[in-house]
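A.B. asks:
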Amino acid sequence: MTDAANPSGLSDEEAQEFHQYFTQGYLLWAVGAFVAHSLVWIWRPWF
């Protein structure tokens, strides 16, 4: 039962590694979006 393949075809270790990189990438994207919106807000506030 421990050798059953996951639906993704990844092992548990590979899935955890992918999750780590995906989470880091999303965090980097969110920080970049925050910085971009902050710079636009400083340049031309929309409220």
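Using numbering that gives the first Met the number 0, the first residue of the sequence shown is number 0, and each one after it goes up by one. Backbone N, C-alpha and C define an ideal beta-carbon position, used for all residues, glycine too. Treat the numbers as computed from the prediction; the structure is a model and nothing was measured.
My output table needs one value for phenylalanine 46: the three-state DSSP class, helix, strand or coil.
C.D. replies: coil
A.B. asks: Would you tell me roughly how many angstroms separate the C-alpha atoms of tryptophan 45 and alanine 14, rounded to the nearest one?
C.D. replies: 41 angstroms
A.B. asks: State yes or no: is the beta carbon of glutamine 19 nearer than 7 angstroms to at least one beta carbon in chain B?
C.D. replies: No chain B is part of this structure, which consists of one protein chain only.
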